[in-house]
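Numbering (this note's numbering), first residue to last: 321 to 437.
Quick reminder that beta carbons are idealized off the backbone N, C-alpha and C, glycines included.
Written below as structure tokens is the structure these notes are about.
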């Protein structure tokens, strides 16, 4: 049985978030947590928190099952673009350069390999 966790309107560009997300796709949860813990990117702390939330959601769904026996892995994880905040930076000769402050939505699905077979 799978469990889902979502992170909406995270103020990081989707491109930077995808670099971190690609590291943990398909990995076991324990291995993914180690990867995220020792990664230096800012997005890794947000994804680590999201992964722990997905594991907690899985535990809430499967109250009788033990986490150690479940052999959880990251089934799917994807990043979608969120809304953009548009700002103007003053530029020479009375112009203004547009700055797009991007955000993203992350969806993470955790599943047990025992139930998948």
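Inset, instruction - Note the first and the last residue of the continuous alpha helix (DSSP H) segment covering residue 390. - result: 387-390
Inset, instruction - Output yes or no for whether 9 Å exceeds the beta carbon distance between residue 340 and residue 326. - result: no
Inset, instruction - Please state if the CB of residue 411 and the CB of residue 377 are separated by a distance shorter than 9 Å. - result: no
Inset, instruction - Grab the span of the beta strand (DSSP E) containing residue 410 for me, first residue to last. - result: 405-410
Inset, instruction - Given a cut-off of 9 Å, decide if residue 405 and residue 421 are closer than it, judged by their beta-carbon atoms. - result: yes
Legend entry - Whole-angstrom distance between residue 370 and residue 437, CA atom to CA atom: Here the model assigns residue 437 a pLDDT of 49, short of 50, so the residue's position is not dependable and the matter cannot be decided.
Legend entry - Residues of its chain near residue 374, where Cβ-Cβ distance is below 6 Å and the 5 sequence neighbours each way are ignored: 323, 325, 428 and 430
Inset, instruction - Determine the direct distance from the alpha carbon of residue 401 to that of residue 390, and round the result to whole angstroms. - result: 32 Å
Inset, instruction - Could you check what DSSP says for residue 432 in three-state terms: helix, strand or coil? - result: strand
Legend entry - Sheet register partners of residue 420 (DSSP bridge): 406
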